[in-house]
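Asks: Start counting the first sequence at 0; every next residue gets the next number (numbering that gives the first Met the number 0). Note that CB positions come from ideal geometry on N, CA and C, so glycine has one too. Sharing a structure, written as structure tokens. Questions coming.
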Amino acid sequence: MIDIKILREQPDMVKANAARRGCKVDIDALVALDAAYRALLAECEEMRALRNKLSKECATNPAAREQVKGMKETLAAKEKQSEEQKSKIDAELAWLPNFFAPDVPVGADDKGNVPLRLVGEKPQFAFKPKDHQELFEKLGIIDTARGAKVAGAGFYYWSGQGAVLADALFFWTKRELMNRGFRLFMTPCVAKEQTLFGTGYLPFFAEQTYKLANEDLSLIGTSEQTLVAYHADETLDAAKLPLCYTAFTPCFRTESGSYGKQTRGIFRVHQFHKVEQIVFCRPEESTQMHEACLENEEYLLKQLGLHYRVVNVCDGDMGAPGWKKYDIEAWFAGFNDYREVTSNTNLTDFQARRLGIRYHDKTAGQKGFVHTISATAVTDRVALAILEHYQQEDGSVIVPEVLRPFTGFDRIVPG
RNA sequence: GGAGAGGUGACAGAGUGGUCGAAUGUGCGGCACUGGAAAUGCCGUGUACGGGUAACCGUACCCAGGGUUCGAAUCCCUGCCUCUCCGCCA
């Protein structure tokens, strides 16, 4: 949600931003509606002030009672109209996207993302590297056929050494983040509509969510939803900021409309697993915290010995809530390409406004909405990158050293 | 799942139709006292929206949504949540 005052004071800027983001809201009509609403609201408040005044006289003055009675219907009608205008304004406002950081590149889709740096070495193979699907079939560590049998296409099982690898990866990641000041959570895996709205997933990504029948609940698409909304309607003490939270949860996405996109293996699925980084911070800190989260992501990938690149995501590839976003694309030897493994967005006050997450600096007497950062730490995709990166000619996979204390083995072998 | 109790400001806790945005206590901020502190005393201390350069003014908010009434924290209905007891249960 953007500040409606910006809409009033700089409608042209809002209009330009909406155009750039492909937002179809009629800004001029919205501005006009807001003006009409405020005029009507002033009328209502005047009438209420008069009513309150007369009501106090009722005990001693019967004439006042008759006068107030006469006002009742008119006031009720005006109030009803102003409420209708307000909800219409809110509904439109909910569709307005966040603004962009000045350094967000222009582009139509992910091809417009700007690579910032390459890190690590591309692994060299004396043989033709397999993609992760070939590998897990050979190793017997991921089972998509049985996933489909039990839950449908897009679901899968990790099993045996593969499940241990994924488990070790997630466990290790949580420990690393805790060492870097993150508080670990286990969160609900379902959330109310208000939560999805507040975090900016609704109304923008409604088709992506699994809604439970006959309940005001959906499966979470990410623990960002439950972690950010954790502080909904709260005022945080600025002295305690930034707050850095992490959680591991499954993430459910319908992926409707994404057929044909990188569907081989389990790259794009209905359920994946993620360790998340969430930061609540003061507005002036958010750029720095955004970079800090990126540094955490890079640290993890470096420790795992993976080759990757960092890209500055362009406007055409960024969701409506985002102000600036970095993706990290790891090298997938079997695909012979870089593919997104993590994503890191500075949402500024977009979510905080919707959820009512404020901060109060008592010493400076400063108040406002916090900024939130939402960044991946690792997901299953990182495990897939490990498989492709560390594969051997015989189809076995070497386990990255940092994970060995948690796997208890240093090589995944067929079996 | 059954039975009961209850949801008021940062917290505790009054208030059962009007001058209540809300007593009192604690906490917090300021001042006084002190060599300094404790204790004590005095003053102040919610949020949002609208209007105003500002001092300030108005409106709304006592879980949420409806209703009764000239007027609702207070009465009625519905929902949500919490607590206690019983049952069931990983």
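1. Mind checking who Gly367 pairs with in its DSSP beta bridge?
2. According to DSSP, is Val412 helix, strand or coil?
3. Please name the residue in Arg19, Phe271, Ala237 and Ala31 whose C-alpha comes closest to that of Gly422.
4. Over the uninterrupted beta strand (DSSP E) stretch that includes Ile327, give me the two end residues.
5. Helix, strand or coil for Ile3, going by three-state DSSP, please let me know.
6. Where do the N-terminal and C-terminal ends of the alpha helix (DSSP H) with Asp166 fall, by residue?
7. Take Leu354 as the anchor and find which of Asn345, Gln365 and Gly199 has the nearest alpha-carbon.
8. Can you list, in chain order, the residues of its chain with a C-beta nearer than 7 Å to that of Val56? Leave out the 5 residues immediately preceding and following it.
9. Measure the Cβ-Cβ separation of Phe349 and Met12 and say whether it is below 8 Å.
10. Specify the secondary structure class of His272 as computed by DSSP and reduced to three states.
11. Applying the 10 Å Cβ sphere with the 16-neighbour rule, what's the burial state of Ser73?
12. What does Ser373 pair with, by DSSP beta-bridge criteria?
13. Please name the residue or residues paired with Ala190 in a DSSP beta bridge.
14. For Met177, collect the residues of the same chain with a Cβ closer than 8 Å to its Cβ; drop the 5 residues on either side in sequence, then sort them by chain order.
15. Quick test of your reading: Val377 and Leu168, contact by CB under 8 Å. State the CB separation rounded to the nearest angstrom.
16. Can you tell me whether Ile265 is helix, strand or coil according to DSSP?
17. Say the cut is 7 Å; is the CB of Gln132 nearer than that to a heavy atom of the ligand COA?
18. Whose CA, out of Ala382, Ser285 and Asp166, lies closest to the CA of Thr344?
19. On a Cα-Cα basis, can you pick out the residue from Thr194, Leu39 and Arg47 that is closest to Val67?
20. Just how far apart, CA to CA, sit Leu211 and Pro249?
21. What do you get for Lys323, buried or exposed, if any count of 16 or more other CB atoms within 10 angstroms of its CB means buried?
22. Pop quiz: Pro399 and Leu303 are said to be a contact at Cβ under 8 Å. What is the actual Cβ separation, rounded to whole angstroms?
23. Can you name the start and end residues of the beta strand (DSSP E) that Phe184 belongs to?
24. So what does DSSP say about Asp11, is it helix, strand or coil?
25. Below 8 Å between beta carbons: does that hold for Phe251 and Leu383?
26. When the Cα atoms are used, what is the spatial distance from Lys206 to Lys52?
27. Compute the beta-carbon to beta-carbon distance between Val309 and Ile277, rounded to the nearest angstrom, for a pair I have assumed lies under 8 Å.
28. Straight-line CA distance for Asn82 to Gly197?
29. Smallest Cα separation from Arg352: which of Glu45, Leu92 and Gln80?
30. Val309 lies in the beta strand (DSSP E); which residues open and close that run?
31. What residue range is occupied by the uninterrupted alpha helix (DSSP H) comprising Asp236?
32. Roughly how many whole angstroms lie between the Cα atoms of Thr225 and Ile219?
33. Please state if the CB of Asp166 and the CB of Tyr155 are separated by a distance shorter than 8 Å.
34. Ser342: buried (16+ other C-beta within 10 angstroms of its C-beta) or exposed?
35. Straight-line CA distance for Phe181 to Cys243?
36. Which residue or residues does DSSP assign as beta-bridge partners of Val118?
Replies: Let's see:
1. DSSP, once it has assigned bridges, lists Tyr358 as partnering Gly367.
2. DSSP places Val412 outside both helix and strand once states are collapsed to three, so it counts as coil.
3. Given that the chain is displayed from residue 0 to residue 414, the structure contains no residue 422 and the question cannot be resolved.
4. First-last of the beta strand (DSSP E) with Ile327: Lys323 to Phe331.
5. Ile3 falls in the helix class under three-state DSSP.
6. It spans Gly159 to Asn178 - the alpha helix (DSSP H) in which Asp166 sits, taken as one unbroken run.
7. Cα-wise, what sits closest to Leu354 is Gly199.
8. Reading the sequence as shown, one finds Glu at residue 56 and not Val. Here the set comprises Ala63.
9. Contact flag unset, no.
10. For His272, the secondary structure class from DSSP, reduced to helix, strand or coil, is strand.
11. Sequence inspection shows Thr at residue 73; the Ser mentioned does not correspond to that position. Thr73 comes out exposed.
12. Answer is Ile277 and Thr344.
13. Answer is Ser217, bridged to Ala190.
14. If you ignore the 5 residues before and after Met177, its C-beta comes within less than 8 Å of the C-beta of Leu183 and Thr245, all in its own chain and listed in chain order.
15. Contact flag correct, Cβ pair sits at about 6 Å.
16. DSSP places Ile265 in coil when its eight states are reduced to three.
17. Here there are no bound small molecules, and the ligand COA is not part of this structure.
18. That would be Ser285, whose Cα lies nearest to the Cα of Thr344.
19. Taking the Cα of Val67 as reference, the smallest distance to any Cα among Thr194, Leu39 and Arg47 is reached at Arg47.
20. Taking the straight line joining both Cα atoms gives about 16 Å.
21. Burial call: buried.
22. Confirmed, Cβ separation roughly 5 Å.
23. Phe184 -> beta strand (DSSP E) spans Arg182 to Phe184.
24. It is helical.
25. In this structure, Leu383 does not lie closer than 8 Å to Phe251 by Cβ.
26. It is worth fixing the name first, because residue 206 is Glu in this sequence and not Lys. The C-alpha of Glu206 lies about 51 Å from the C-alpha of Lys52.
27. Contact between Val309 and Ile277 fails: their C-beta atoms lie close to 20 Å from each other, not under 8 Å.
28. In the sequence under discussion, the amino acid at residue 82 is Glu, which differs from the Asn named in the question. Approximately 21 Å between the Cα atoms of the pair.
29. The residue among Glu45, Leu92 and Gln80 with its C-alpha nearest the C-alpha of Arg352 is Leu92.
30. For Val309, the uninterrupted beta strand (DSSP E) segment begins and ends at Tyr307 to Asn311.
31. Run containing Asp236: none in the alpha helix (DSSP H); it sits in the beta strand (DSSP E), Glu233 to Asp236.
32. Thr225 and Ile219: Cα-Cα distance of roughly 8 Å.
33. No.
34. A residue is called buried when at least 16 other Cβ atoms come within 10 angstroms of its Cβ; Ser342 meets this threshold and is buried.
35. Cα to Cα, the separation comes out at about 5 Å.
36. According to DSSP, Val118 bridges with Tyr307.
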